[in-house]
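These notes are about the structure you will find just below.
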Ligand code: SF4
Ligand code: SF4
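Residue numbers (my numbering): 16 to 137.
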């Protein structure tokens, strides 16, 4: 299985920065939208954690070619050896920030009156 990006992507680039197989394209897509190249996706889920708007979902219809998938996993292992600590550090910050934004979004929905005057969360 691979993952895909649904409508609602805000092109923040978070997913692209943490993907260990460079499966996420942006600069060479015709409409400058982030897309996952399914053949290169190993379903590691790092991009899901990085996404602030929760638009990365399983592409259950995609079936990998076994040899291509093995190549992508080998690339991920190499990336992890050289950039694993960096990716983990960046991801830690993204997770914290995404959780804070999700809390604020939920609070805005539950208590719209608190935000009517531009009042910010403490
Ligand atoms: S699941 Fe992993 S390999 Fe696939 S696009 Fe996301 S970060 Fe890249
Ligand atoms: S992290 Fe989410 S919103 Fe940001 S570019 Fe990737 S899919 Fe789009």
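Note that beta-carbon positions come from the ideal geometry of N, C-alpha and C, so glycine has one too.
It should be emphasised that the depicted structure is a prediction, and the values quoted were computed from it without experimental measurement.
The chain-ordered list of residues whose CB is nearer than 7 Å to some heavy atom of ligand 2 reads 20, 24, 25, 26, 27, 28, 29, 30, 31, 39, 49, 62, 65, 66, 67, 68, 70 and 71. Residue burial is scored here from C-beta neighbours: residue 16 has fewer than 16 other C-beta atoms within 10 angstroms and is therefore classed as exposed. Per DSSP, the continuous alpha helix (DSSP H) segment holding residue 102 begins and ends at 81–125. Cα atoms of residue 64 and residue 75: separation of roughly 19 Å, rounded to the nearest angstrom.
Take residue 130, set aside five residues on each side of it, and the residues of its chain with a beta-carbon closer than 7 Å to its own are 123, in chain order. With the rule of 3 Cβ pairs closer than 8 Å, the stretch 26–42 counts as touching the stretch 52–72. For residue 71, the pairing in a beta bridge is given by DSSP as 20.
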